[in-house]
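*Asks:* Here you go, one structure.
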Amino acid sequence: MHETAQRLYDRDRVIAGVEKLRFFPLALESGQGSWLVEAGGRRLLDLSATWTACGLGHGHPAVREALLRAAGAPPGAGALSAVHEDAVALAEELLDLTPGTGDRRVYFGHAGSDANDVAIRSAVHATGRPKVLAFEHSYHGGIGVAMKASGVHVEAGSVAADKQVLFTPYPDPYREPDRYERVIADLDEALAGRDVACLLVEPILSDGGLVVPPDGFLAEVAARCAAAGTLLVCDEVKVGLGRPGTWHAFEHDRITPDIVTFGKSLGAGVPISAAVGPAAVFDEPGASALLTQAGNPYSTAVARAVLAAYRAEGLVERAAQAGERLRQGLRKATAHLDVVGEVRGRGLAIGVDLVTDRASRERDPELAAKTVYRVWELGGVVFYVGGNVLEVTPPLVITDDEVDRAVELLAQGIEEASAGKVSDAQIAPFAGW
Ligand SMILES: Cc1ncc(COP(=O)(O)O)c(C=O)c1O
263 MHETAQRLYD RDRVIAGVEK LRFFPLALES GQGSWLVEAG GRRLLDLSAT WTACGLGHGH
323 PAVREALLRA AGAPPGAGAL SAVHEDAVAL AEELLDLTPG TGDRRVYFGH AGSDANDVAI
383 RSAVHATGRP KVLAFEHSYH GGIGVAMKAS GVHVEAGSVA ADKQVLFTPY PDPYREPDRY
443 ERVIADLDEA LAGRDVACLL VEPILSDGGL VVPPDGFLAE VAARCAAAGT LLVCDEVKVG
503 LGRPGTWHAF EHDRITPDIV TFGKSLGAGV PISAAVGPAA VFDEPGASAL LTQAGNPYST
563 AVARAVLAAY RAEGLVERAA QAGERLRQGL RKATAHLDVV GEVRGRGLAI GVDLVTDRAS
623 RERDPELAAK TVYRVWELGG VVFYVGGNVL EVTPPLVITD DEVDRAVELL AQGIEEASAG
683 KVSDAQIAPF AGW
């Protein structure tokens with residue numbers, strides 16, 4: 263590790279541990295396109311996009327221009343007690359982008375966490391029902407009720423279980439292909455009491471292990487929610503907004519959720535989130551979800567620029583093509599590696615499931631930890647989810663050459679990590695997930 267990067271990384275001890283999730287000692291000074299530059303100058307191919315937040319890549323001119331425009335003469339710092347053009351226009355654009363019927367509203371926040379939190383609280387208030395349903399191994403946020411509705415947090419004990427928040431299994435076509443009917447039966451049972459205000463679903467389970475549900479699953483979920491009078495909240499925060507090769511991940515099953523939440527890549531690194539849903543849910547009670555700087559001129563200007571750039575550069579279609587090339591490339595390059603159980607995903611939301619061997623499909627979390635470390639040593643940034651699944655989510659601007667380089671890096675990283683090139687001591691300081 264370069265001594266400049268090491269020095270910076272050592273100084274990081276002043277930042278609170280509660281907000282860190284580290285996999286290797288990554289200390290960065292800049293970024294451009296699909297590349298990050300480590301302190302000291304080493305270039306790293308970014309295969310995470312900061313957990314998808316940098317969908318537009320790093321240093322995109324559209325983001326710079328939007329920020330400069332907003333900073334030149336900002337109309338205050340938030341939309342709490344005044345309206346301004348970018349906030350209203352962004353809300354209109356999100357309504358156009360998101361399918362739905364009737365009178366709808368857009369809530370603006372700072373992070374996927376608060377968008378989900380407000381969606382849940384508003385759903386409970388609007389329906390008068392006390393319960394919330396989410397999926398096991400889900401992730402919806404790191405604060406408030408959104409955290410309590412995150413299977414990953416509850417399972418890890420990082421938040422106390424809440425009696426009003428229920429969890430039901432998500433289908434797992436790779437490990438439990440025969441359990442699908444049971445999953446649907448459990449869902450029916452959870453909704454049967456007609457006391458569930460809302461069901462939160464990730465159309466692709468991301469932090470839980472990049473699990474792609476069977477075709478038709480979301481349609482079954484939506485039909486059941488409608489029959490039970492439960493609002494369906496689709497969490498598009500991580501793998502939505504173009505990444506799956508469609509604007510929304512839920513489009514795959516042609517459903518129209520009641521509420522859709524956005525975050526991460528909407529702001530290209532600038533904090534902003536949104537929840538889109540019925541006016542009857544999001545208008546009442548007034549003044550019950552106040553954040554002083556929500557809807558601020560910088561975040562809303564950038565989000566508008568992000569949506570415009572996605573359109574102008576055809577990035578949704580690009581995500582579908584690049585994702586196909588990446589998956590095919592990875593399957594071919596790792597065909598000889600018995601530790602690669604499956605390469606799956608949609609568009610540029612890709613999971614590489616690492617196992618002790620293909621026959622057993624047993625998860626290999628140690629190999630995942632060592633692989634991400636080795637890939638970093640070789641010149642790439644990738645993290646793992648669900649304990650043993652490499653989550654490959656590069657910026658949507660990735661070129662074909664970069665896709666091919668990603669394939670090489672990942673295949674070499676897996677092969678060398680499984681051959682023992684990374685020691686236990688090297689990964690010991692990094693708890694990861
Ligand atoms: C599906 C999903 N929803 C919500 C969130 C929370 O977003 P944030 O960390 O920006 O608050 C995340 C974060 O990883 C996520 O993956």
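Residue numbers (the working numbering): 263 to 695. Just so it is clear, CB atoms sit at the ideal spot from N, CA and C, and this is done for glycine as well. Note that the coordinates shown come from a computational prediction; the quantities given were computed from them, not determined experimentally.
1. Use the C-beta contact count for GLY533: other C-beta atoms within 10 angstroms, 16 or more gives buried, fewer gives exposed.
2. Within the present structure, is the beta-carbon of LYS526 separated from the nearest heavy atom of ligand 1 by less than 7 Å?
3. Beta-carbon within less than 7 Å of GLU355's beta-carbon, same chain only, minus the 5 sequence neighbours each way: which residues are those?
4. Measuring CB to CB, does VAL665 end up less than 8 Å from VAL538?
5. When you compare the CB positions of VAL643 and LEU288, do they come within less than 8 Å of one another, or not?
6. Taking DSSP's pairing of strands, which residues face ILE521 in a bridge?
7. Taking the straight line between their C-alpha atoms, what separation do you get for ALA621 and LEU588?
8. Do you know how far the Cα of HIS320 is from the Cα of ALA490?
9. Figure out for me which residue from ALA556, PRO519 and GLY531 has the closest Cα to the Cα of PRO540.
10. Go ahead and pull the three-state DSSP assignment for LYS683.
11. Classify PRO439 as buried or exposed, calling it buried when 16 or more other Cβ atoms lie within 10 Å of its own Cβ.
12. Is TYR560 near LEU329, with beta carbons less than 8 Å apart?
13. Just to check my reading of the structure: ARG486 and ASP450 have Cβ atoms closer than 8 Å, yes? What is that Cβ distance to the nearest angstrom?
14. Under 8 Å, do ASP376 and LEU553 count as touching if we go by C-beta distance?
15. Relative to ligand 1, is the shortest distance from any of its heavy atoms to the C-beta of TYR401 smaller than 7 Å?
16. On the DSSP letters alone, give me the boundaries of the beta strand (DSSP E) that TYR646 sits inside.
17. From MET409 to PHE645, what does the alpha carbon distance come to, in whole angstroms?
18. Buried or exposed for ARG608, going by 16 or more other Cβ atoms inside 10 Å?
19. In three-state DSSP terms, what is TYR442?
20. So, GLY470 versus SER400, is the Cβ gap smaller than 8 Å?
21. In this structure, how does DSSP classify ARG608 when only helix, strand and coil are distinguished?
22. Residues bridged to TYR369 by DSSP?
23. Do ALA311 and GLY317 have their C-beta atoms closer together than 8 Å?
24. What I want to know is whether the C-beta of SER420 ends up closer than 7 Å to one or more non-hydrogen atoms of ligand 1.
25. I need the straight-line Cα distance from VAL653 to LEU428, nearest angstrom please.
26. Please confirm whether any heavy atom of ligand 3 lies closer than 7 Å to the CB of VAL368.
27. Going by beta carbon distance, what residues of the same chain come within less than 8 Å of ALA673, once the five residues before and after it are set aside?
28. Count the other CB atoms, across all protein chains shown, that sit within 10 Å of the CB of HIS264; report buried if there are 16 or more and exposed otherwise.
29. Starting from the Cα of THR508, find the closest Cα among VAL463, PHE479, GLN583 and PRO476 and give me that residue.
30. Express the C-alpha separation of ASP545 and GLY641 in angstroms, rounding to a whole number.
31. Should the region 476-483 be called in touch with the region 620-637, which here means at least 3 C-beta pairs below 8 Å?
32. Just the C-alpha distance for GLY613 and ASP662, rounded to the nearest angstrom, thanks.
33. Between which residues of its own chain and HIS651 is the CB-CB distance below 6 Å, once the five residues before and five after are set aside?
34. So, under 8 Å CB-CB, LYS679 and ARG636 are touching, yes? Tell me the CB distance rounded to an integer number of Å.
35. For the 8 Å Cβ check, are there 3 or more pairs between the region 571-586 and the region 357-366?
36. Considering only residues of the region 618-673, which uninterrupted beta strand (DSSP E) runs meet the minimum length of 3 residues and lie entirely inside it, listed in chain order?
*Replies:* For this structure:
1. Locating residue 533 in the sequence shown gives position 271, where the first residue counts as 1. Position check: residue 533 holds Pro in this sequence, whereas Gly was assumed. Per the 10 Å Cβ criterion, buried.
2. On the sequence shown, position 264 is the one that residue 526 refers to. Result yes, Cβ under 7 Å from ligand 1.
3. Working through the sequence shown from its first residue, we reach residue 355 at position 93. Closer than 7 Å at the Cβ level, and outside the excluded window around GLU355, lie ARG566 and LEU569.
4. Reading the sequence shown from its first residue, position 403 is the one you call residue 665. Reading the sequence shown from its first residue, position 276 is the one you call residue 538. Going by C-beta atoms, VAL665 is not nearer than 8 Å to VAL538.
5. Within the sequence shown, numbered from 1, the residue matching residue 643 stands at position 381. Within the sequence shown, numbered from 1, the residue matching residue 288 stands at position 26. Yes, the pair counts as a contact, with Cβ atoms nearer than the cut-off.
6. Start at 1 with the first residue of the sequence shown, and residue 521 comes out as number 259. According to DSSP, which records beta bridges pairwise, ILE521 is partnered with VAL495.
7. Here residue 621 is taken as the residue at index 359 of the sequence shown, counted from 1. Here residue 588 is taken as the residue at index 326 of the sequence shown, counted from 1. One C-alpha to the other measures close to 24 Å.
8. Stepping through the sequence shown from its first residue, residue 490 is reached at position 228. Stepping through the sequence shown from its first residue, residue 320 is reached at position 58. One C-alpha to the other measures close to 44 Å.
9. By one-based count along the sequence shown, residue 540 stands at place 278. Measuring from the Cα of PRO540, the nearest candidate turns out to be PRO519.
10. What you label residue 683 is simply residue 421 of the sequence shown in a count that begins at 1. Coil at LYS683, not helix or strand.
11. Numbered from its first residue, the sequence shown carries residue 439 at position 177. PRO439 should be labelled exposed.
12. Counted from its first residue, the sequence shown places residue 560 at position 298. Counted from its first residue, the sequence shown places residue 329 at position 67. It is a contact, given that the beta carbons lie within the stated cut-off.
13. Start at 1 with the first residue of the sequence shown, and residue 486 comes out as number 224. Start at 1 with the first residue of the sequence shown, and residue 450 comes out as number 188. 7 Å between Cβ atoms; contact.
14. Along the sequence shown, one-based indexing puts residue 376 at 114. Along the sequence shown, one-based indexing puts residue 553 at 291. Closer than 8 Å, so yes.
15. Along the sequence shown, one-based indexing puts residue 401 at 139. Flag set: Cβ of TYR401 near ligand 1.
16. Position 384 of the sequence shown holds residue 646. Where TYR646 is concerned, the enclosing beta strand (DSSP E) stretches over 645-647.
17. Working through the sequence shown from its first residue, we reach residue 409 at position 147. Working through the sequence shown from its first residue, we reach residue 645 at position 383. CA-to-CA, the gap between MET409 and PHE645 works out to about 21 Å.
18. Within the sequence shown, numbered from 1, the residue matching residue 608 stands at position 346. If you draw a 10 Å sphere on the C-beta of ARG608, you find 16 or more other C-beta atoms in it, and that means buried.
19. Residue mapping note: residue 442 aligns to position 180 of the sequence shown, counting from 1. DSSP places TYR442 in helix when its eight states are reduced to three.
20. Position 208 of the sequence shown, counted from the start, is the residue given in the question as residue 470. Position 138 of the sequence shown, counted from the start, is the residue given in the question as residue 400. Cβ atoms of GLY470 and SER400: closer than 8 Å.
21. Within the sequence shown, the letter at position 346 stands for residue 608. Strand, per DSSP.
22. Locating residue 369 in the sequence shown gives position 107, where the first residue counts as 1. DSSP lists ALA537 as partners of TYR369.
23. Looking up residue 311 in the sequence shown gives position 49. Looking up residue 317 in the sequence shown gives position 55. Cβ distance < 8 Å, so ALA311 and GLY317 count as in contact.
24. On the sequence shown, position 158 is the one that residue 420 refers to. No, the beta carbon of SER420 sits no closer than 7 Å to any heavy atom of ligand 1.
25. Counting from 1 along the sequence shown, the entry for residue 653 is found at position 391. Counting from 1 along the sequence shown, the entry for residue 428 is found at position 166. Checking the sequence, you will find Glu at residue 653 rather than Val. GLU653 and LEU428: Cα-Cα distance of roughly 27 Å.
26. No copy of ligand 3 appears in this structure; the ligands present are ligand 1.
27. For the purposes of this step, residue 673 is taken as the residue at position 411 of the sequence shown. Closer than 8 Å at Cβ, skipping near neighbours: LEU592, ALA595, THR596 and LEU599.
28. Residue numbering aside, residue 264 sits at position 2 when the sequence shown is read from its first letter. Exposed: under 16 other Cβ atoms inside 10 Å.
29. Walking along the sequence shown from the start, residue 508 turns up at place 246. Nearest C-alpha to THR508: GLN583.
30. Along the sequence shown, read from residue 1 onward, the residue named residue 641 stands at position 379. Along the sequence shown, read from residue 1 onward, the residue named residue 545 stands at position 283. Taking the straight line from one Cα to the other gives about 48 Å.
31. Contact between the region 476-483 and the region 620-637 is absent, because fewer than three Cβ pairs lie under 8 Å.
32. Within the sequence shown, residue 613 is the residue found at index 351, counting from 1. Within the sequence shown, residue 662 is the residue found at index 400, counting from 1. So the two alpha carbons sit approximately 19 Å from each other.
33. Taking the sequence shown and counting its residues from 1, the one referred to as residue 651 is at position 389. Inspection of the sequence shows that residue 651 is occupied by Val rather than by His. Closer than 6 Å at Cβ, skipping near neighbours: GLY471, LEU472, GLY613 and ASP615.
34. Locating residue 679 in the sequence shown gives position 417, counting from the first residue. Locating residue 636 in the sequence shown gives position 374, counting from the first residue. The question names Lys, but residue 679 is Ala in the sequence shown. Yes, ALA679 and ARG636 are in contact; Cβ-Cβ is about 4 Å, under 8 Å.
35. no
36. DSSP runs (the beta strand (DSSP E)) wholly in the region 618-673: 645-647 and 651-654.
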